[in-house]
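Numbering that gives the first Met the number 0 applies: residue 0 is where the sequence shown begins, and numbers increase by one.
In what follows, a single structure is set out as structure tokens and then discussed.
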Amino acid sequence: MKRATLPRGRAAGLTAGGLAALGLVLALTVGGVTVVPSGFDGIEDLPLPGGADLGDHPYTVTAELQDVLSLVPHSAVRVNDVAVGRITGIELGEDDWSARVTMEINGEVRLPADATARLEQSSLLGE
0 MKRATLPRGR AAGLTAGGLA ALGLVLALTV GGVTVVPSGF DGIEDLPLPG
50 GADLGDHPYT VTAELQDVLS LVPHSAVRVN DVAVGRITGI ELGEDDWSAR
100 VTMEINGEVR LPADATARLE QSSLLGE
């Protein structure tokens, strides 16, 4: 019985240039996966698609909420169902029972002095 052997060199279809190109592709693929941009602190730094345009001069607003449910950073801030900003931070309030929510709002949007914050689900899936 004759054993099958793998072809070598030119018979395998790889020339020296082809082998070098394959090595370069592998190096770029592996290298591209391991490159991490500076200033990247995790998945929360990535913007959500379809987020609000903050304009050139956004301003910061802080609200105290009793329950933040499933609120996450980069969630949309809406006024009359129009996205005008995004959540930038959620932390424990001073009384240890509430949450302090920090938001960036588009600089062209003016909120009234007596504006209140309310957390609502935007879909049946609880988002």
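Think of the CB as a built atom: it goes at the ideal place given N, C-alpha and C, for glycine as much as any other residue.
Which same chain residues, not among the five before or five after residue i, have their C-beta less than 8 angstroms away from its C-beta?
| i | result |
| --- | --- |
| Glu93 | Arg99 |
| Thr59 | Thr87, Thr101, Met102, Glu103 and Ile104 |
| Leu118 | Leu64, Asp66, Val67, Leu68 and Leu70 |
Within 10 Å of its beta-carbon, does residue i have 16 or more other beta-carbons around it, so buried, or fewer, so exposed?
| i | result |
| --- | --- |
| Val83 | buried |
| Ala116 | exposed |
| Val76 | buried |
Quick check: what's the CA-CA separation for residue i versus residue j?
| i | j | result |
| --- | --- | --- |
| Ser121 | Thr14 | 58 angstroms |
| Leu64 | Trp96 | 9 angstroms |
| Thr61 | Val71 | 15 angstroms |
| Gly88 | Pro57 | 15 angstroms |
| Leu91 | Ser69 | 15 angstroms |
| Thr101 | Ser74 | 11 angstroms |
Take residue i and list the residues in its own chain whose beta-carbon comes closer than 6 angstroms to its own, dropping the five residues that flank it on each side.
| i | result |
| --- | --- |
| Leu53 | Glu103 and Asn105 |
| Val78 | none |
At what residues does the beta strand (DSSP E) containing residue i begin and finish?
| i | result |
| --- | --- |
| Glu103 | Ala98 to Ile104 |
| Ala75 | Ala75 to Val78 |
In chain order, what residues of the same chain lie with their CB nearer than 7 angstroms to the CB of residue i, ignoring the 5 residues before and after it?
| i | result |
| --- | --- |
| Leu123 | none |
| Ala114 | none |
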